[in-house]
Amino acid sequence: MEALSKLSRFQVGALSTTVLWSLYGLGLLQPVFNLIPLLVAVPTIFCLSEIIRRLVENSLGKRSVPCNGEYVLITGCGSGFGFALTKCLVDKGYHVFAGCHSPDCGGAKELELYSKRVEVIGMDVGSDESMKSAREHVEKKLGNMGQLWAIVANAGVANQGPLEWTTMSEIEHIFKVNTFGVLRTVKEFLPFVRRARGRVVVTNSLLSTIANPFVIPYSMSKAASKALVEGLQRELCDFGIYCSSIEPSYYETAMTRHRTAEDYRKKYDLIDETMREDYEGYVELCSEYFDSVSSVITSTKVEEPIDALAHAVCSVRPLPYYFVDSPCVSFLREIERHVNIEVTDAAVKCTKYLAALKKRFTSTK
Numbered sequence: 002m003e004a005l006s007k008l009s010r011f012q013v014g015a016l017s018t019t020v021l022w023s024l025y026g027l028g029l030l031q032p033v034f035n036l037i038p039l040l041v042a043v044p045t046i047f048c049l050s051e052i053i054r055r056l057v058e059n060s061l062g063k064r065s066v067p068c069n070g071e072y073v074l075i076t077g078c079g080s081g082f083g084f085a086l087t088k089c090l091v092d093k094g095y096h097v098f099a100g101c102h103s104p105d106c107g108g109a110k111e112l113e114l115y116s117k118r119v120e121v122i123g124m125d126v127g128s129d130e131s132m133k134s135a136r137e138h139v140e141k142k143l144g145n146m147g148q149l150w151a152i153v154a155n156a157g158v159a160n161q162g163p164l165e166w167t168t169m170s171e172i173e174h175i176f177k178v179n180t181f182g183v184l185r186t187v188k189e190f191l192p193f194v195r196r197a198r199g200r201v202v203v204t205n206s207l208l209s210t211i212a213n214p215f216v217i218p219y220s221m222s223k224a225a226s227k228a229l230v231e232g233l234q235r236e237l238c239d240f241g242i243y244c245s246s247i248e249p250s251y252y253e254t255a256m257t258r259h260r261t262a263e264d265y266r267k268k269y270d271l272i273d274e275t276m277r278e279d280y281e282g283y284v285e286l287c288s289e290y291f292d293s294v295s296s297v298i299t300s301t302k303v304e305e306p307i308d309a310l311a312h313a314v315c316s317v318r319p320l321p322y323y324f325v326d327s328p329c330v331s332f333l334r335e336i337e338r339h340v341n342i343e344v345t346d347a348a349v350k351c352t353k354y355l356a357a358l359k360k361r362f363t364s365t366k
């Protein structure tokens, strides 16, 4: 199994296919293929090889890389996924550089008290100066002995509301953090990970695949971040580095707690008079939309994306994508993959009606 872990997924598949064809050529599979027509034999061999490949990959995926106190750098650790992942990896024996935009925040203070293996670093992913300073600190800390095993680019910001209500400065800030912040993090710390033949992990989103209304800039920023992970995996495969995109749906964190109607009202009041007439009633619509989406698909099981993030860091064979979804969202993803966009649009709209039914059913109890 150790030898197989050094092969790529494609090489494992090619090996299983070669073995099956060799057995077939030697006649060792003849008793089986006597039962099926020759026309079916070829696709059967390819199906069997794919089954074998998946079994091997599943077995490799369950194995963890031995932890010898390596370092992991995580951004956005003041709350949410980054905060929880820091504790999770420390419990597994890793040292963690916990990047926090505000190192004096409550979450950062709690992490410092949690373990001596946590080192909180002030890190603004939107600032070149801040990231260069963080890199110099990490380089000095690692010295000649330590290894930075993984980067987890987790810091992110969200924005809600119709695109026309959103200013260009707000959109630029979203990209500054969600896209260029991820890029800046990867570029600054990739040399350390490359030497360790480690892991690059990026927290993305369901919305990088399915662009929902009222979160268009956020979806755009995450789609760009996902493209970074895909391209980087192909670019760095010769170095033995695995890159993973973690794409959770809606989970209850500080970032996903949606705005109230009053928040939308403030944005609505800032747009020009003509636009306010056109968008009359949209304050309530936005609030109701996010209420409906939250009630149908938001999960409080934050341990699910944390498990995915930890697996991407620790597994011998991490996955390129981790889709962490509720059954409802998994259904939406499958629709997106296999049918035209009109069907996906209809399915997204259905979430609102499902929420209304759920609310009505709950209120009658």
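Residue numbers for the sequence shown follow our numbering, beginning at 2 and rising by one.
Backbone N, C-alpha and C define an ideal beta-carbon position, used for all residues, glycine too.
query, result
"Through-space distance from Q161 to T210, alpha-carbon basis", "17 Å"
"Exposure of I52, with buried meaning 16 or more beta-carbon neighbours within 10 Å", "exposed"
"Reduced DSSP category for L320 - H, G, I as helix; E, B as strand; rest coil", "coil"
"Three-state class that DSSP yields for S246 in the structure shown", "strand"
"Of the listed residues K302, E285, R266, V202, nearest to Y323 (C-alpha basis)", "V202"
"One or two residues paired with F98 in a DSSP bridge", "L74, E120"
"Beta strand (DSSP E) segment containing R200, residue limits", "200–204"
"Straight-line Cα distance separating L184 from L229", "8 Å"
"Helix, strand or coil at Y251 according to DSSP, with G and I counted as helix", "coil"
"Alpha carbon of L49 to alpha carbon of R55, nearest angstrom", "10 Å"
"Residues of its chain near R318, where Cβ-Cβ distance is below 7 Å and the 5 sequence neighbours each way are ignored", "S6, E58, L61, G62"
"Three-state class that DSSP yields for I211 in the structure shown", "coil"
"Straight-line gap, I75 to T167 (C-alpha atoms, nearest Å)", "29 Å"
"C-alpha gap between Y251 and L21, whole angstroms", "43 Å"
"S17 (DSSP reduced to helix, strand or coil)", "helix"
"Own chain partners of P249 with C-beta closer than 6 Å, once the 5 adjacent residues on each side are dropped", "P306, V325"
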